[in-house]
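These notes concern the structure reproduced below.
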Amino acid sequence: MIERLPSDSECGNGCGKLVGMAAKSDGNAGNPVSHFGKQIHKERLARGWSLDELERRTGIAAGHWSRIENGKRPPTEKIALAADGVFTERKGWFLEFYEESRTWAPTGFRDWPEYENKAGALREWSGNGNVPGLLQTQDYARALLETYPGVGPQIVSARLANRMTRQQRVLFRDDPPSAFYIIDHAALYRLVGSPGVMAAQMTHLADFASRPNVVMQILPAVAHPATQSGFLIADDAAYTEHIVGGLVFTEAETVTSLEIMFDTLRTECYRASESAAIIRRAGAVWTGESRRSAEPTAETA
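Residue numbering for the sequence shown follows this note's numbering, beginning at 78 and increasing consecutively.
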């Protein structure tokens, strides 16, 4: 029976050893997901195998191997073990690479993609005062990742590649989820990178808010218990995050309580149309077209 692998575990963000391993082969140190796929492709062609032959030998669908080779899906432990099983000359390289790549992902987040990848609906509140990771432009994400202390450019590049891969996997799949985002008003005016980076980020948010499967709302500077941390809800699971880690919850009671929290948070937000206008005004501030400052409270709407 051919396994179709409906969901993948998160590809981690890599580490110094991981980057070094990638650099030794093809200079693709900035993207461990792509590097893993290229190594599969290299070994398969060296043996003259088609994707169908690789499927026959591993029991994993040819289409899934194709997405792995093209860097469109991150590797999983099952994939790494299968690769080591047929490419024995590499002496366990694929599993070693996969395990190294996981060491950068927050422990709690490693299990989250199992739920996120197949979710029909996503709800996210980014309580850290920044634009949510799924909605960040590449330049915004890079500038934010560069602020972490003790993190060098190679690690930033690998983490950035992982974040961009996650966006493609979740938001641009064939059946993207219905997505509900609540963004802190302060995030629109907190400088990340440069005014140009912020202007482009505002344009990206405005474009994304116009998608038919997306509802985006801005939360003004009001008190609410949810402002103590961020969280995501994917159907019947939830992920909460704080500065040093996060946790995945699948208990119905906990997920339901967070759904209620999200709904009460939405009641404090600007309407979607008002939120879109607020994002456009923030973009005008960063481009210099307008010098209007952010409205501090809901009463000024």
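Quick reminder that beta carbons are idealized off the backbone N, C-alpha and C, glycines included. Keep in mind the model is a prediction, meaning the values are calculated, not measured.
**OP:** Using beta-carbon positions only, say whether A220 and V274 come within less than 8 Å of one another.
**Re:** yes
Original post:
Taking the alpha carbon of S306 as the point to measure from, which residue in T165, K115, A298 and E318 has its own alpha carbon closest?
Top reply: E318
**OP:** List the residues that DSSP assigns as beta-bridge partners of D326.
**Re:** Checking the sequence, you will find Phe at residue 326 rather than Asp. BP columns for F326 point to A315.
Original post:
Are W202 and M279 close, meaning C-beta to C-beta below 8 Å?
Top reply: no
Subject >> Proximal residues to F381 (C-beta, below 8 Å), its chain only, five neighbours per side dropped >> reply: This structure cannot settle anything about residue 381, because the visible part of the chain is limited to 78 through 378.
Original post:
Does the segment 287-300 come within contact of the segment 256-271, defined as at least 3 CB pairs closer than 8 Å?
Top reply: yes
Original post:
In this structure, does DSSP put W202 in helix, strand or coil?
Top reply: strand
Original post:
In or out: K168 buried (at least 16 other Cβ within 10 Å) or exposed?
Top reply: exposed
Original post:
Around the C-beta of V233, are 16 or more other C-beta atoms found within 10 angstroms, so that it is buried, or is it exposed?
Top reply: buried
Original post:
For F285, which residues of its own chain have a beta-carbon under 8 Å away from its beta-carbon, when the five flanking residues on both sides are left out?
Top reply: L212, V291 and M293
Original post:
Considering only the beta carbon of each residue, do G270 and D216 sit closer than 8 Å?
Top reply: yes
Subject >> Other residues of its chain near R288: CB distance less than 6 Å, five sequence neighbours each side excluded >> reply: none
**OP:** Along the alpha helix (DSSP H) that carries S255, what are the first and last residues, could you check?
**Re:** Note, S255: premise wrong, no alpha helix (DSSP H); beta strand (DSSP E) at S255 to D261.
Original post:
Per the contact definition of three or more C-beta pairs closer than 8 Å, is the segment 232-252 in contact with the segment 344-351?
Top reply: no
Subject >> Length-filtered (3 minimum) beta strand (DSSP E) runs lying within the segment 210-266 >> reply: 255-261
Original post:
Any idea what DSSP makes of V110, helix, strand or coil?
Top reply: helix
**OP:** Would you kindly report the start and end of the unbroken beta strand (DSSP E) that includes Q294?
**Re:** V291 to L296
**OP:** Go through its chain and collect everything with a Cβ distance to G365's Cβ below 7 Å, but skip five positions before and after it.
**Re:** none
Original post:
DSSP puts F308 in a beta bridge; with which residues?
Top reply: W202 and T317
**OP:** Ignore the nearest five residues each way along the sequence and tell me which others in R267's own chain have a CB closer than 8 Å to its CB.
**Re:** G206 and N207
Subject >> Expected contact under 8 Å - CB spacing of A198 and P253 to nearest Å >> reply: That belief does not hold up - the Cβ atoms of A198 and P253 are roughly 11 Å apart, past 8 Å.
Subject >> Distance between G227 and A235 (C-alpha atoms, nearest Å) >> reply: 15 Å
**OP:** Please determine, among I356, E120 and I310, the residue with the shortest C-alpha to C-alpha distance to D161.
**Re:** E120
Subject >> Heavy atom of the ligand SAM within 7 Å of S234 beta-carbon >> reply: In the structure shown, the ligand SAM is absent, as is every other ligand, since no ligand is present at all.
**OP:** Would you mind sorting R348 into buried or exposed? The rule is 16 or more other CB atoms within 10 Å of its CB.
**Re:** exposed
Subject >> C-beta contact flag for G125 and N147 at 8 Å >> reply: no
Original post:
To the nearest whole angstrom, what separates the beta carbons of L46 and R200, a pair I think is in contact under 8 Å?
Top reply: In this structure the chain extends from 78 to 378, so residue 46 is not present and cannot be described.
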